[in-house]
Amino acid sequence: MYLTEKRWQDIKTNNKLANDDFVYAVKTTMIFCKPSCNAKLPNKENVSIYRDYHEAIDNGYRPCKKCNPTGQLLEDEEWVLQIKNFVHRYYHLNLTLDEICNQCHGSKFHLSRLFKQVTQQTIMQYLHEIRIEKSIALLNENIMTVEDISRKVGYKTTSHYIKIFKQFYFMTPLQFRKRRERDRNLI
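Residue numbering for the sequence shown follows this note's numbering, starting at 530 and increasing by one per position.
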């Protein structure tokens, strides 16, 4: 099936009458929805059309949590996994809690509570953990500056990156790098 102008209008206007005609999938999030879904409107070029949800699942897409196009109940752990996968894939972008929750098709309050309940940490703590983990690998390569690393892993400012890094390692990224170099030289 193709994304016709009529189908695009059905998606844009959340047309409930089109729910039995097709589902649409979003390539960037790997999620599929009913046309009536009131989640954030995706970019048109990222949309694929399928006859039914079985076809979307066969192509590797997961059902939207917001509109529940399969009619099946979704487990909390599955939703948390979806959030984690999104964070892993897009940690380097300027992600906010609102953006993460919109892309995972849930309310900020519900997803925050659910994520904390399942993982014992907030979504933003998890995002920082992933960013710091990725920055450690870059610090160990000793090629990029701390400023470049901070931008590469998704922080707007170097000072914010340093502040978060210190919360994890009780030292600055530069101190961490120097300590690693010193430790390597001792071996």
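Where is the CB? At the ideal position from N, CA and C, for every residue including glycine. This structure is a prediction, so every number in the text was calculated from the model and none was measured.
Could you please give the first and the last residue of the uninterrupted alpha helix (DSSP H) stretch that includes TYR582?
Along the sequence shown, read from residue 1 onward, the residue named residue 582 stands at position 53. It spans 582-587 - the alpha helix (DSSP H) in which TYR582 sits, taken as one unbroken run.
Inspect the beta-carbon positions of VAL552 and TYR531 and report whether they are closer than 8 Å.
What you label residue 552 is simply residue 23 of the sequence shown in a count that begins at 1. What you label residue 531 is simply residue 2 of the sequence shown in a count that begins at 1. Contact: no.
Extent of the continuous alpha helix (DSSP H) to which TYR619 belongs:
In the sequence shown, residue 619 corresponds to position 90, counting from 1. It spans 605-619 - the alpha helix (DSSP H) in which TYR619 sits, taken as one unbroken run.
Does the stretch 618-631 come close enough to the stretch 579-598 to have 3 or more Cβ pairs within less than 8 Å?
no
Apply the 10 Å Cβ neighbour rule to LEU640 and answer buried if 16 or more other Cβ atoms are within range, or exposed otherwise.
Residue numbering aside, residue 640 sits at position 111 when the sequence shown is read from its first letter. That one is buried.
Tell me the DSSP bridge mates of ALA554?
On the sequence shown, residue 554 is found 25 positions in, with the first residue counted as 1. DSSP, once it has assigned bridges, lists PHE561, SER577 as partnering ALA554.
Contact set for LYS637: own chain, Cβ-Cβ below 8 Å, skip 5 residues either direction:
Mapped onto the sequence shown, residue 637 falls at position 108. Correct list, in chain order: LEU626, ASP627, CYS630.
Measuring only the C-alpha atoms, how far is GLU733 from VAL616?
Limits of the chain in this structure are 530 at one end and 716 at the other, which puts residue 733 out of reach.
List the residues that DSSP assigns as beta-bridge partners of ARG591.
Position 62 of the sequence shown, counting from 1, holds the residue named residue 591. DSSP, once it has assigned bridges, lists ILE560 as partnering ARG591.
Local conformation of ILE672 per DSSP, three classes
The residue you call residue 672 lines up with position 143 of the sequence shown. Here ILE672 sits in coil by DSSP.
Tell me whether the beta-carbon of TYR590 lies closer than 8 Å to the beta-carbon of ILE560.
Here residue 590 corresponds to residue number 61 of the sequence shown, with the count starting at 1. Here residue 560 corresponds to residue number 31 of the sequence shown, with the count starting at 1. Yes, Cβ-Cβ distance for TYR590 and ILE560 is below 8 Å.
Host alpha helix (DSSP H) of GLN704 (start-end)
Here residue 704 refers to the residue found at position 175 when the sequence shown is read from its first residue. Note, GLN704: alpha helix (DSSP H), 702-715.
Given this structure, state the Cα-to-Cα distance separating GLY600 from ASN614, to the nearest angstrom.
Position 71 of the sequence shown, counting from 1, holds the residue named residue 600. Position 85 of the sequence shown, counting from 1, holds the residue named residue 614. Those two C-alpha atoms are separated by around 23 Å.
For GLN654, three-class secondary structure by DSSP
Within the sequence shown, residue 654 is the residue found at index 125, counting from 1. Helix.
Our contact map puts LEU622 next to GLY683 with C-beta atoms below 8 Å; I'd like the distance itself, whole angstroms only.
Here residue 622 corresponds to residue number 93 of the sequence shown, with the count starting at 1. Here residue 683 corresponds to residue number 154 of the sequence shown, with the count starting at 1. LEU622 to GLY683, Cβ: 6 Å. Contact.
Cβ pair count under 8 Å reaching 3, the stretch 564-577 against the stretch 640-658
no
So which of GLN650, MET653, LYS695, THR648 has the shortest CA-CA distance to ILE665?
In the sequence shown, counting from the first residue as 1, residue 665 sits at position 136. Closest by alpha carbon: LYS695.
Cβ of SER565 within 8 Å of Cβ of ASN544?
The residue labelled residue 565 in the question sits at position 36 within the sequence shown. The residue labelled residue 544 in the question sits at position 15 within the sequence shown. The answer is yes: Cβ separation under 8 Å.
For ASP539, count neighbouring Cβ atoms within 10 angstroms of its own Cβ and tell me buried if that reaches 16, exposed if not.
Along the sequence shown, one-based indexing puts residue 539 at 10. Answer is buried; the Cβ neighbour count reaches 16.
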